[in-house]
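Contents: one structure, followed by commentary.
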Amino acid sequence: MKNFVKAIVKYNKEEEDFKYLKDKFPMVNDAKIKEGVFIGPQIREQFKDLNFEACLNSVEKAPWNSFKSLTENFLGTKKSPIYEELVVTLLDAFRTMGCNMSLKMQFLHSHFAIFSRKSRCYTEIVKRTSEHTHVPDEQAMSCCETKLGIKRKAQESQDGAHHIVGESLQTASEGTAAKLPKLDSLKRTIQRQRASVLAAPAQPTTLAELALPAVYQ
């Protein structure tokens, strides 16, 4: 639409088409009309306007009708089986009129020349969600298991933090022990784990929510 309007304004010396569009859309300034800047509803309104077609000469009617046909049968949800012919007809009509061709239209024309109609999309799954593409680190995994074991012992037993850490290190390999945090950090982990279990319950809002842990009964 933009290239078509710019062409008719440029080559129509009497500016009949420009005057008609200006009267048709008084809220659109002259600069936008000369540049062919219209929105979708305005373009669809022009498709239905027979008076606008009457203002066009024989050279201008061919690209206008081609543009209408391509919009209705290719650019929307409806795809005509002869869409390639519609595109070629539009390109020829615009070229005859002297319209500057859109870069997208040039790519579309090249697309038809390179790819056949029977070409189809091909999808290759490269990676799935939650799928690891790297080699797992056995020592890092063993380190996580050891820390989980320390947290579990902190909840289930009343042993001291030093005893729990020492017992866990005895069963861990040298590589796993090297990746574990320092002793003070592991002790603080045990303290936080026990504090979360022994913490006072939140304030209940109803009597049904009032539940005392076994430690406080």
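Just so we're aligned: the sequence shown equals residues 153 to 369 in the numbering used here.
Here a beta-carbon is modelled for each residue, glycine too, at the ideal position from N, C-alpha and C.
Tell me where the alpha helix (DSSP H) around residue i begins and ends.
| i | result |
| --- | --- |
| S294 | 290-308 |
| I316 | 313-323 |
| N217 | 210-222 |
| G327 | 326-331 |
| T357 | Premise fails: T357 is in no alpha helix (DSSP H) and is neither H nor E. |
| C207 | 202-207 |
| I195 | 192-199 |
| F246 | 235-249 |
| A183 | 182-187 |
Give me, in chain order, the residues of the same chain whose beta-carbon lies closer than 6 Å to that of residue i; leave out the 5 immediate sequence neighbours on both sides.
| i | result |
| --- | --- |
| R346 | A306 |
| H315 | none |
| S294 | T328 |
Evaluate residue i with the Cβ neighbour count: other Cβ atoms within 10 Å of its Cβ, from every protein chain shown; 16 or more gives buried, anything less gives exposed.
| i | result |
| --- | --- |
| S210 | exposed |
| A366 | exposed |
| E370 | Look at the range of the chain in this structure, 153 to 369, and you will see that residue 370 is not part of it. |
| L173 | buried |
| L208 | buried |
| T323 | exposed |
| A159 | buried |
| A313 | buried |
Quick one: Cα of residue i to Cα of residue j, how far?
| i | j | result |
| --- | --- | --- |
| G250 | F156 | 9 Å |
| I234 | R196 | 22 Å |
| G327 | Y368 | 42 Å |
| A183 | N225 | 30 Å |
| D289 | S309 | 30 Å |
| A206 | I191 | 22 Å |
| T341 | S348 | 11 Å |
| Q291 | A329 | 9 Å |
| F199 | N217 | 9 Å |
| A245 | F170 | 20 Å |
| F267 | K230 | Because F267 carries a pLDDT of 47, less than 50, the predicted location of this residue cannot be relied on, and the following value inherits that uncertainty. The straight-line gap from Cα to Cα measures roughly 21 Å. |
| K154 | K176 | 17 Å |
| L364 | T357 | 14 Å |
| D201 | Q194 | 11 Å |
| E361 | R304 | 27 Å |
| L359 | D311 | 36 Å |
| Q355 | E319 | 38 Å |
| M179 | F204 | 18 Å |
For residue i, collect the residues of the same chain with a Cβ closer than 7 Å to its Cβ; drop the 5 residues on either side in sequence, then sort them by chain order.
| i | result |
| --- | --- |
| L222 | L238, V239, L242 |
| S232 | N225, F226, L238 |
| K220 | F199 |
| V189 | K154 |
Keeping to the same chain, check which residues put their C-beta closer than 8 Å to that of residue i; ignore five residues upstream and five downstream.
| i | result |
| --- | --- |
| V317 | I302, L335, L338, K339, I342 |
| A214 | A245, T248, M249 |
| L332 | C295, T298, K299, L321, A324, L338 |
| N181 | none |
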